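Here is the structure we will look at.
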Amino acid sequence: MKLEIEARRDEQNALWVSTCAHFPKLRITGRSDTELRKKWHQAIIPLLIKKQQQSQATPPPPPTPVVEEPKKIRPRASRSDQPRPPAGSAAVNKPKYELIIHYS
């Protein structure tokens, strides 16, 4: 995801005031490029994780069940030697995004 941010110089306080079209209510000020980036990362990551969880929270409707004849069950090989990721680990991962700040 590419997040483009507009930053304008506020003449009264000598601060950069920045806004993002994806999050119109979010407005961040900073004295330098690094301060702006740090504040944006701190503000955006929780919002993106929340958005990601909301999109995962609405699963598609279950398909209609189809009645089939029972199949022969064959024993499967054990996969206990392979480590399994903990349940819900996908939601913990930070969403990937690119932060682009346009100064004017």
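Just so you know, the sequence shown maps onto residues 0 to 103 in numbering that gives the first Met the number 0.
Idealized CB from N, CA, C, for every residue including glycine.
Please read these numbers as outputs of a predicted model, since none were measured by experiment.
Requested in this report: Note down, in chain order, each residue of its chain lying with its Cβ closer than 6 Å to the Cβ of Gln51, except the 5 sequence neighbours on either side.
Outcome: As a working note, residue 51 is residue 52 in the sequence shown. Taken in chain order, the residues that qualify are Pro94.
**Report entry** Segments of 3+ residues assigned as beta strand (DSSP E) that fall wholly inside the stretch 13-67
**Finding:** 14-19 and 26-29
Query - Residues that Tyr102 bridges to, as DSSP identifies them - result: In the sequence shown, counting from the first residue as 1, residue 102 sits at position 103. Note: Tyr102 sits in a beta bridge opposite Ala6.
Query - Whole-angstrom C-beta distance between Leu98 and Arg36, which should lie under 8 Å - result: Locating residue 36 in the sequence shown gives position 37, where the first residue counts as 1. Locating residue 98 in the sequence shown gives position 99, where the first residue counts as 1. Yes, Arg36 and Leu98 are in contact; Cβ-Cβ is about 6 Å, under 8 Å.
Query raised in the report: According to the neighbour-count rule (16 or more other Cβ atoms, all chains shown, within 10 Å of its Cβ), is Ile44 buried or exposed?
Result: Taking the sequence shown and counting its residues from 1, one reaches residue 44 at position 45. Its Cβ having fewer than 16 others within 10 Å, Ile44 is exposed.
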